[in-house]
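Student: Protein chains in written order, with this note's numbering: chain A, 417 to 693; chain B, 870 to 1110.
In this text, a Cβ means the ideal position worked out from N, Cα and C, and glycines have one as well.
Below: one structure in structure tokens.
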Amino acid sequence: MATVSVRQYHRGGFSFENCKRNALLEADINKLGFSSPAARKTGTTICGVVYKDGVVLGADTRATEGMVVADKNCSKIHYISPNVYCCGAGTAADTEMTTQIISSNLELHSLSTGRLPRVATANRMLKQMLFRYQGYIGAALVLGGVDSTGPQLYSIYPHGSTDKLPYVTMGSGSLAAMAVFEDRYKPNMEEEEAKRLVRDAIAAGIFNDLGSGSNIDLCVITKGKVDYLRPHDVANKKGVRTGNYRYKHGTTGVLTKAVTPLNLEVVEESVQTMDTS
Amino acid sequence: GSLMMISARAFGDNAQMKEHHYTGPVEHKFSPYAFNGGTVLAVAGEDFALVASDTRLSEGYGIHSRDSPKCYKLTDTTVIGCSGFHGDCLTLTKIIEARLKMYKHSNNKNMTSGAIAAMLSTILYGKRFFPYYVYNIIGGLDEEGRGAVYSFDPVGSYQRDTYKAGGSASAMLQPLLDNQIGFKNMENVEQVPLTLEKAVQLVKDVFISAAERDVYTGDALKICIITKEGVREEIMPLRKD
């Protein structure tokens, strides 16, 4: 007796079944008159520059939900490892989770190799993850750090391509920031000059791009030291209101009040200190 | 070998490469409208009216101008605030100004605020099937010298209000005005009539708050103060980011 087996063509790779399902759901929801929740994007201006002793990364601090500011002071420069930091633009959840996942894997890898992590390693891990998701993870990153090979700067796109360059910008304000870089960048700058350049590039994004705003965060990475300057420059102070809008007691009317006393007696008391060091 | 960069879309369901890379029908369309942002606000008092607007003109993620106010003076007792599509704002205000002149020449008197409002309604409804993409708010003094505010939708529906916000940050301003001027959702509060000084302070404060959260609102605030003495202007800077 012969068994007949039909071989399924092995396609491999990521399954995009959910993407088809999401597209169908999206169409149905619109017919009913509702809209699916929009992912919060960071609008954003982020940039990085390689200078004499290391790299300087910069970012604005505005997160938008549509054209409304959701967070006026969010942190877009993410920790990857003690010597590597990453700025993120695009979908806020994607940049946060992607950098955290790679940071965690890099720490394990670093313990395995017994060495300080390399920027190229973080770059390879990020691009391989983003390519695997075919652009569905909306994370556009500026990765910078200093390792045994020297200072390095990469820009990483949502579909998984990367560029290793001396100066990069990403986000909706990238054109404004790049205009500043193309005007004033030169190789082997001093630290103060590099900080000033990055600060001015982010400022160009903050004032000329509606998706970017609020403050300028900087991260200066050199061999053996990281300066996480948040904020480096409060470019926009919150407007001062002259009126007093405090409500007096009784403004919210109390309709009914019911007081129920709980008659409890202390039976036993013990104290256990928590180690908060 | 050569490096091929082929997108996943080039492959069909059975994993064979598609013969032609057809992405499906793509419809291109020209839109006659653009959204240029901006917020307007008008408040009516016992013997005054305020019409305020921000001065930012934007499109998409970019700024066209930081000094483009949306208040237009029509007469000594009436100011109109227009926000939405800037092209239609300009055309509409030109038409209103022409109609004001025609009325003056025919009737030998200036149009009252109420008359301008009624006329604007008919002008807007005249383009019911290709509307002016403009959110209008008229502020002025009525025939008895009391403050008047008339608010419109793009096709001419209007009503007289005590206060109204329109434009991109209207949803942020209106509830605050409902609370502070209309005393809504409050109890045990003495309902004092609104003075000019308090109203100006309130208008400045609400715009400061709107500029914090609405990307289209910012740069500067222009307030037109209408009293029996005429129309006075006050300008205040706002956030520029």
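DSSP three-state label for C490 (chain A), please.
Tutor: Indexing the first sequence from 1 puts residue 490 (chain A) at position 74. Coil at C490 (chain A), not helix or strand.
Student: Is it buried or exposed, L613 (chain A), if we count other Cβ atoms within 10 angstroms and call 16 or more buried?
Tutor: Working through the first sequence from its first residue, we reach residue 613 (chain A) at position 197. Buried: at least 16 other Cβ atoms inside 10 Å.
Student: Reducing DSSP to helix, strand and coil, say where P1023 (chain B) ends up.
Tutor: Position 154 of the second sequence, counting from 1, holds the residue named residue 1023 (chain B). Three-state DSSP puts P1023 (chain B) in coil, outside helix and strand.
Student: List the residues of chain A whose Cβ lies closer than 8 Å to the Cβ of S927 (chain B), in chain order.
Tutor: For this step, residue 927 (chain B) is matched to residue 58 along the second sequence. The answer, in chain order, is L626.
Student: Helix, strand or coil: which one does DSSP assign to L989 (chain B)?
Tutor: Along the second sequence, one-based indexing puts residue 989 (chain B) at 120. Three-state result, L989 (chain B): helix.
Student: Assuming contact is defined by CB atoms lying nearer than 8 Å, are T1115 (chain B) and G1036 (chain B) in contact in what I supplied?
Tutor: Since the first residue of chain B shown is 870 and the last is 1110, residue 1115 (chain B) is not available in this structure.
Student: Does the beta-carbon of M690 (chain A) have 16 or more other beta-carbons within 10 angstroms, so that it is buried, or is it exposed?
Tutor: Numbered from 1 along the first sequence, position 274 holds the residue referred to as residue 690 (chain A). Exposed, because fewer than 16 other Cβ atoms sit within 10 Å of the Cβ of M690 (chain A).
Student: Does the Cβ-Cβ distance between I572 (chain A) and L542 (chain A) come in under 8 Å?
Tutor: Walking along the first sequence from the start, residue 572 (chain A) turns up at place 156. Walking along the first sequence from the start, residue 542 (chain A) turns up at place 126. Yes, the pair counts as a contact, with Cβ atoms nearer than the cut-off.
Student: Name, going along the chain, the residues of the stretch 1078-1091 of chain B whose beta-carbon falls closer than 8 Å to a beta-carbon of chain A.
Tutor: Residues passing the 8 Å Cβ filter: S1078, A1080, E1081, R1082, D1083, V1084, Y1085.
Student: Hey, is the stretch 580-589 of chain A in contact with the stretch 437-450 of chain A, meaning 3+ C-beta pairs nearer than 8 Å?
Tutor: Flag = no, the stretch 580-589 of chain A and the stretch 437-450 of chain A do not touch.
Student: Is N521 (chain A) helix, strand or coil by DSSP?
Tutor: To locate residue 521 (chain A), count along the first sequence from 1; it is residue 105. In the structure shown, N521 (chain A) sits in a helix (DSSP, three-state: H, G or I).
Student: When you compare the CB of R615 (chain A) with every CB in chain B, is at least one pair closer than 8 Å?
Tutor: Sequence index remark: in the first sequence, residue 615 (chain A) carries index 199 (1-based). Closer than 8 Å: no.
Student: Looking only at its chain, what residues have a beta carbon closer than 6 Å to the beta carbon of F917 (chain B), apart from the 5 residues adjacent to it on each side?
Tutor: Numbered from its first residue, the second sequence carries residue 917 (chain B) at position 48. These residues qualify, in order along the chain: G1016, L1065, T1096.
Student: Can a CB atom of chain A be found closer than 8 Å to the CB of I932 (chain B)?
Tutor: For the purposes of this step, residue 932 (chain B) is taken as the residue at position 63 of the second sequence. So yes, I932 (chain B) belongs to the interface.
Student: Hey, is L872 (chain B)'s beta-carbon within less than 8 Å of any beta-carbon in chain A?
Tutor: On the second sequence, residue 872 (chain B) is found 3 positions in, with the first residue counted as 1. For L872 (chain B), the predicted structure reports a pLDDT of 49, less than 50, and the residue's modelled location is therefore unreliable. A value from the coordinates is still provided. By this cut-off, L872 (chain B) is not an interface position.
Student: DSSP state of I553 (chain A), grouped into three classes?
Tutor: Taking the first sequence and counting its residues from 1, one reaches residue 553 (chain A) at position 137. Residue state, collapsed to three classes: coil.
Student: So which residues on chain B does F597 (chain A) lean against when the C-beta distance must stay under 9 Å?
Tutor: Taking the first residue of the first sequence as position 1, residue 597 (chain A) is located at position 181. Per Cβ cutoff of 9 Å: no residues; F597 (chain A) is ~19 Å from chain B at best.
Student: List, in order along the chain, the chain A residues whose C-beta lies closer than 7 Å to that of Q1070 (chain B)?
Tutor: Locating residue 1070 (chain B) in the second sequence gives position 201, where the first residue counts as 1. Chain A residues near Q1070 (chain B): T658, G659.
Student: Specify, as a first and last residue, the run of the beta strand (DSSP E) that D1074 (chain B) falls within.
Tutor: Position 205 of the second sequence, counted from the start, is the residue given in the question as residue 1074 (chain B). Here D1074 (chain B) belongs to no beta strand (DSSP E); instead the alpha helix (DSSP H) covers 1065-1082.
Student: Mark L685 (chain A) as exposed unless 16 or more other C-beta atoms lie within 10 angstroms of its C-beta, in which case mark it buried.
Tutor: For the purposes of this step, residue 685 (chain A) is identified with residue 269 of the first sequence, where counting begins at 1. The sequence shown places Glu at residue 685 (chain A), not Leu. Counting Cβ neighbours within 10 Å, E685 (chain A) comes out exposed, since fewer than 16 surround it.
Student: Beta-carbon of T578 (chain A) versus every beta-carbon of chain B: anything under 8 Å?
Tutor: Counting from 1 along the first sequence, the entry for residue 578 (chain A) is found at position 162. No, no contact with chain B.
Student: Could you tell me the distance, in whole angstroms, from the CA atom of L522 (chain A) to the CA atom of A593 (chain A)?
Tutor: For the purposes of this step, residue 522 (chain A) is taken as residue 106 along the first sequence, with counting starting at 1. For the purposes of this step, residue 593 (chain A) is taken as residue 177 along the first sequence, with counting starting at 1. Answer to the nearest angstrom: the Cα atoms are 30 Å apart.
Student: Which ranges does the beta strand (DSSP E) cover as unbroken runs of at least 3 residues, wholly within the stretch 555-588 of chain A, from first to last along the chain?
Tutor: Entirely contained in the stretch 555-588 of chain A, the beta strand (DSSP E) runs reaching 3 residues are, in chain order, 555-563, 566-572, 578-580, 583-586.
Student: Quick check: L1107 (chain B) and V1075 (chain B), are their CB atoms within less than 8 Å of each other?
Tutor: For the purposes of this step, residue 1107 (chain B) is taken as the residue at position 238 of the second sequence. For the purposes of this step, residue 1075 (chain B) is taken as the residue at position 206 of the second sequence. Cβ distance not < 8 Å, so L1107 (chain B) and V1075 (chain B) don't count as in contact.
Student: Please report the residue range of the beta strand (DSSP E) in which I632 (chain A) lies.
Tutor: Position 216 of the first sequence, counted from the start, is the residue given in the question as residue 632 (chain A). Run containing I632 (chain A): 632-638, per the beta strand (DSSP E) assignment.
Student: Are the beta-carbon atoms belonging to V465 (chain A) and V636 (chain A) less than 8 Å from one another?
Tutor: Reading the first sequence from its first residue, position 49 is the one you call residue 465 (chain A). Reading the first sequence from its first residue, position 220 is the one you call residue 636 (chain A). Result no, Cβ atoms of V465 (chain A) and V636 (chain A) do not sit closer than 8 Å.
Student: Use the C-beta contact count for N977 (chain B): other C-beta atoms within 10 angstroms, 16 or more gives buried, fewer gives exposed.
Tutor: As a position in the second sequence, residue 977 (chain B) is number 108, starting the count at 1. N977 (chain B) comes out exposed.
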